[in-house]
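Trainee:
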Amino acid sequence: MLTVEKSWVNVQQKTFTKWLNDKLKVRRLFIEDLVSDLSNGIILIHLLEILGGEPLGKYASNPRLRVQKFENVNKSLDTIKGRGIQMTNIGAEDVVDGNRKIILGLIWTLILRFTISDINEEGMTAKEGLLLWCQRKTACYEEVEVRDFSTSWNDGLAFCALLDIHRPDLIDFDALDKKDHRGNMKLAFEIAANEIGIPDLLDVDDVCDVPRPDERSLMTYIAYWFHAFSQLERVENAGRRVEKFINNMHGAWEMQNSYERRMKELLRLIRAQREEWKNASFEGTYKDAKDQAFQFSLYKKKQKRQWVAEKSDLAALLGNIKTKLSTYRLRPYDPPAELSLEVCDQEWECLTRDEHERSQLINETIRDIKNALRRSFADKANDFALTLKTLSLAISGLDGDVEDQLAHVKRLNDNLPPLDAFLDTIAEIDEQCEEANIEENDYTTYTLDELSYELSLVKSSISKKLAFLDNQLVARNMTNLTPIQLEEFESVFRHFDRDSSNTLHELEFSAALASLGLVYDEDEMHEVYVETCGPARLAQNAGVSFEQFIRFMVSVTEDQNTAEQVLQSFREVADGKPYVTELDLRHSLIPDEVIDHLVQTMPRHEVFDRGEDQNEPKYDYYSFMQKMMESGNRGQSDAASNARPSRAPRRPRGDRYSPPPDHAPTGAKLRIENLHYDITESDLEDLFTRIGPISNLSLVYDRAGRSEGVAFVTYERPSDARTAISEFDGANAKGQPIRVTLVSTGGGRRDRNPFDNVERPKGSLFDRVERPRDRDSRSLSPGSGHESADDGARRRRGRRGGGGRYRRSDVSKPAPEHIDRYVPGQRSPARRPANGRRQGQGESRRAPAARPKKTQEELDQEMDDYWGTANTGADKETVPVEPQQVAPATAAATAGDDDVDMIE
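full-length UniProt numbering numbers the first residue of the sequence shown as 1 and each following residue consecutively.
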């Protein structure tokens, strides 16, 4: 017990000694031993004078006698009592004699009176107030709980919390090691002494890890913390008040400066806008006037509204300045005279007046410009319409010779280019009127569209008149055509000349020939167009002229009694076969007596027997023509003989229908189908050269470079071609049967005459124009031998076509729904379209049923329908071809056990 008591006595003595030294340092006094240094009373007198702030009077400054010491101590005690501090059992002798406990009690009394007593929190005593202050400051820290001035401070966290709450810049409470009590305590004491100026009254050992620290010592030390932070708060509050006042004053100054600056800028903008309107001028165009109107509208929507808001804000700002200065009892503010609200109101009234005048000026200018545009358009439009009327009257009033009319129309045509330039000028004015939103014009009844349309009518009239007169000159020179034929050809030419250019391009030319019954495949049609058009016009993409069209129709409608023409006719009747049957002749509408004569005269064909006609007698028309021409012109006979496997080569138009005597045979061309995709041209060459020499061999590939399964082989001798057909047709090549047929159009040179396979049409265009029936794809395999004669006839009628020759319409039946025709740039599905023949009349020939003659309107409607088919033909899907039947020879070869591929 004595040890504990001695411990707190020592702590108090050390703490109180430090407290005394802190107070005495203002007089540069210092004590080491509290008991001995206070015994003479001098230190005690100095302490009371420092604490009380007033001197105690005379005292023995150097007491040597005991009585002097008593006087000094009593003087001090009397002063303490005089201040109302109650002391019990304390006498001068206790101090002089060095009673430690009495002296510590005396010092504690002074500490309570002069250090702790002024602490007041919510009316509590000094101790309770100091404790409440500590609790409030540390309440937000979970690790700190201040209950008293003893054990609550052992870990040092309470001191660290006080530092962190007041000066967070000096300590990081979250980074502290909460278990390091001595470290936390030492850190808090050092920061308090070095950074805040709190005297180091306690040591770490006096508080940390002590069962019960001395309460008086802690209160004394914590009181220093209270006064230090309270003083800091007072300074901060004082600074805040000064700052607030300065800020308020600065705000008032800023408001004054802002008012003057903004008012000056507003007045400058108003005066600048008025000056701009005063100096503004118009260029005389609607665009310029409209731009200025837009800028004026933009000013009213944006700039003026901003100025109105700014003017209102400045008036409010001036009132706020006066109110603020009045609140702080400062001198009121009066703005400069040139920046007053009265001056601003005067400038605003002037701006409003100028704004009204500006609006009136813009509206008047726009009205004047619109009226000027109306008059300008009307003057030019009326003049242009008068010129067009004059030209129309000049065209309609033409008479006299064709040559004179043609010369006059050409002169009128030369006057058209200036009208285009004149119309462009009118269009520019019309565009200006549209920009000006002019929707009505009382000065004229014409519009740009009407004038443009009337000009196109005049151009069309002149163009048609020129074409008509040119064609009349051409027709007048065509003496080998009847008037009906000429009218028919001209009507067709006019119908398909869609652009009124007096020319027919390839698609138009093809449609025109088809309407006249002349149907060609793609290659032949292109050759016909190229030859008819001529190199010069073809290079210029000028198309076929009317004169060229008439000459072409003359060339294909005239009958040429030559061996070549007759032989080609036989070949077309036979559908490309090397023989002809009686049924073929009857299908061609040949009279019965002529058929009987041919059957009795023509020799039988025994070289090759096609499976589809194996039950019918076959006749060799090649030998027949050769025999018939032997007694005539030798050159024609040679041509007929040489043309047996193919058509005669092309010759100039002058000698086209009489072959030259020295003409040599050109071979026979075969078509090989159903080829395996792995078969190459080398394989085909090895196979077909076994029969005889070939002059040409080609395998057809698609755009991707894959084989299409079709090839063409041209033999130098026709006999070799027939032998190849008999040996290879139906044989296997790489596991699948091939089909070998003779190409009826023949080999020879590619530049053959494409017009040798036409016949003269019977009847006028009005009796003949109809849509040909649909043609099915021709079968590539012979038919079955068990079918009836009627079935065979129907099958042959379905497969036979006249690709490349003139097709006559069967008027006994209604026109079919579709037409198979040539479209430039699109490949035909087969070399020769199938089902192109008309049905024969059987044994008893009877005349076709009469059909009412079509009117011109009906014909034009059919032409329009046909033209629409031509335009959309390339876009339609290709009709799928029915699967090919396997020839009997092929079937037999496939079924046999000893089947061997020609090409493995």
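Heads up, the beta-carbon is just placed ideally off N, CA and C, and yes, glycines get one too.
So within the region 545-589, which uninterrupted beta strand (DSSP E) runs reach at least 3 residues, ignoring any that extend past its ends?
Mentor: none
Trainee: Return the first residue and the last residue of the alpha helix (DSSP H) that residue 410 is part of.
Mentor: 402-414
Trainee: Hey, out of 487, 440, 500, whose CA is closest to residue 466's CA?
Mentor: 500
Trainee: Is the number of C-beta pairs between the region 20-39 and the region 87-94 that are closer than 8 Å three or more?
Mentor: Contact fails: fewer than three Cβ-Cβ distances are below 8 Å.
Trainee: Pull up the DSSP beta-bridge partners for residue 35, would you.
Mentor: Residue 35 is not bridged to any residue.
Trainee: Going by other Cβ atoms of all chains shown within 10 Å of its Cβ, with 16 needed for buried, is residue 389 buried or exposed?
Mentor: It is exposed - the Cβ of residue 389 has fewer than 16 other Cβ atoms within 10 Å.
Trainee: Measure the C-alpha to C-alpha separation of residue 474 and residue 547 and round it to an integer number of angstroms.
Mentor: 6 Å
Trainee: How far does the beta strand (DSSP E) with residue 125 in it reach, from first residue to last?
Mentor: Unbroken run through residue 125: none, as it is neither H nor E.
Trainee: Count the other CB atoms, across all protein chains shown, that sit within 10 Å of the CB of residue 543; report buried if there are 16 or more and exposed otherwise.
Mentor: buried
Trainee: Which whole-angstrom value is the C-beta distance of residue 398 and residue 408, which I expect to be below 8 Å?
Mentor: 6 Å
Trainee: Taking just the CA atoms, how far does residue 321 sit from residue 907?
Mentor: Residue 907 cannot be examined here, being either before or after the span of the chain that is shown, 1 to 904.
Trainee: Considering only residues of the UniProt domain "Calponin-homology (CH)" (10-115), which uninterrupted alpha helix (DSSP H) runs meet the minimum length of 4 residues and lie entirely inside it, listed in chain order?
Mentor: 34-37, 42-52, 66-82, 92-96, 100-111
Trainee: Looking only at its chain, what residues have a beta carbon closer than 6 Å to the beta carbon of residue 215, apart from the 5 residues adjacent to it on each side?
Mentor: The answer, listed in chain order, is 149, 150.
Trainee: Could you give the residue range of the alpha helix (DSSP H) that holds residue 593?
Mentor: 592-601
Trainee: Tell me the residue span of the beta strand (DSSP E) that contains residue 606.
Mentor: Run containing residue 606: none; DSSP gives neither H nor E here.
Trainee: CB-CB under 6 Å to residue 702, same chain, minus the five flanking residues each way: which ones, in chain order?
Mentor: 708
Trainee: What residue does the beta strand (DSSP E) around residue 149 start on, and which one ends it?
Mentor: Neither: residue 149 is in no beta strand (DSSP E) and is coded neither H nor E.
Trainee: Return the CA-CA distance between residue 346 and residue 240, expressed in angstroms with no decimal places.
Mentor: It is roughly 45 Å from the alpha-carbon of residue 346 to the alpha-carbon of residue 240.
Trainee: Taking the C-alpha atoms as reference points, what is the distance between residue 362 and residue 355?
Mentor: 11 Å
Trainee: Taking its Cβ as the centre, do 16 or more other Cβ atoms sit within 10 Å of residue 253, making it buried, or is it exposed?
Mentor: exposed
Trainee: Got a sec? Which residues, its chain only, sit under 6 Å from residue 165 by beta carbon, not counting five neighbours each side?
Mentor: 137
Trainee: Going by CA-CA distance only, name the one from 34, 43, 374, 109 that's closest to residue 98.
Mentor: 34
Trainee: For the beta strand (DSSP E) that residue 735 lies in, which residues bound it at each end?
Mentor: No beta strand (DSSP E) contains residue 735, which DSSP labels as neither H nor E.
Trainee: Would you mind working out which of 422, 247, 300, 304 sits nearest residue 451, comparing C-alpha positions?
Mentor: Per the Cα distances, 422.
Trainee: Give me the residue from 202, 230, 386, 374 with the minimum Cα distance to residue 430.
Mentor: 374
Trainee: Can you pull the DSSP bridge partners for residue 696?
Mentor: 714
Trainee: Ordered along the chain, which non-local residues of its own chain (more than five positions away) have a Cβ less than 8 Å from that of residue 43?
Mentor: 20, 24, 29, 31, 37
Trainee: Please list, in chain order, all residues of the same chain as residue 584 whose beta carbon is under 6 Å from its beta carbon, the five residues on each side excluded.
Mentor: 573, 574
Trainee: Per DSSP, which one or two residues make a beta bridge with residue 503?
Mentor: 545
Trainee: Which residue from 489, 7, 503 puts its Cα closest to that of residue 514?
Mentor: Ranking the options by Cα distance to residue 514, first place goes to 489.
Trainee: If contacts are defined as beta-carbon pairs under 8 Å, then residue 741 and residue 671 qualify, I think. What distance do you get, rounded to the angstrom?
Mentor: At roughly 5 Å, the Cβ-Cβ gap stays under 8 Å, so residue 741 and residue 671 are in contact.
Trainee: Which partner residues does residue 742 have in the DSSP bridge list?
Mentor: 670
Trainee: Can you list, in chain order, the residues of its chain with a C-beta nearer than 7 Å to that of residue 455? Leave out the 5 residues immediately preceding and following it.
Mentor: 388, 419, 423
Trainee: Taking only runs that begin and end inside the region 290-361, name each unbroken alpha helix (DSSP H) of 4 or more residues, in chain order.
Mentor: 304-327
Trainee: When you compare only the Cα positions, how much space is there between residue 942 and residue 370?
Mentor: Nothing can be reported for residue 942: it is not among the residues displayed for the chain, which extend from 1 to 904.
Trainee: Beta-carbon separation of residue 307 and residue 266 under 8 Å?
Mentor: yes
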